[in-house]
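A.B. asks: Pasting a structure here, questions to come.
Residue numbers (the working numbering): 1413 to 1484.
Printed below as a string of structure tokens:
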């Protein structure tokens, strides 16, 4: 599957999805930590993708989303 199709599928299959550096319990940057705290504070279930473990997503999501930085 093409990486853009993978991204589209991830988005379609999750009501709330956070692309971040690390995980909600072990974020790898301050921005990702804050984004995860905000989402967890809402009390909604959410999925996340660790872009540090997914270099293809890290390289292609900014083009797809038209947003250059993470978290998204």
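Note that CB positions come from ideal geometry on N, CA and C, so glycine has one too.
Measuring alpha carbon to alpha carbon, tell me which of 1449, 1428, 1420 and 1432 ends up nearest residue 1465.
C.D. replies: For the purposes of this step, residue 1465 is identified with residue 53 of the chain shown, where counting begins at 1. Ranking 1449, 1428, 1420 and 1432 by Cα distance to residue 1465 puts 1432 first.
A.B. asks: Exposed or buried, what is residue 1461 when buried is set at 16 or more other beta-carbons lying within 10 Å of its beta-carbon?
C.D. replies: Position 49 of the chain shown, counting from 1, holds the residue named residue 1461. Residue 1461 should be labelled buried.
A.B. asks: Give the DSSP-derived three-state secondary structure of residue 1439 in the structure shown.
C.D. replies: By one-based count along the chain shown, residue 1439 stands at place 27. Residue 1439 falls in the strand class under three-state DSSP.
A.B. asks: Which residues does DSSP pair with residue 1452 in a beta bridge?
C.D. replies: Reading the chain shown from its first residue, position 40 is the one you call residue 1452. DSSP, once it has assigned bridges, lists no residue as partnering residue 1452.
A.B. asks: Pull up the DSSP beta-bridge partners for residue 1462, would you.
C.D. replies: Here residue 1462 corresponds to residue number 50 of the chain shown, with the count starting at 1. Its beta-bridge partners are 1432.
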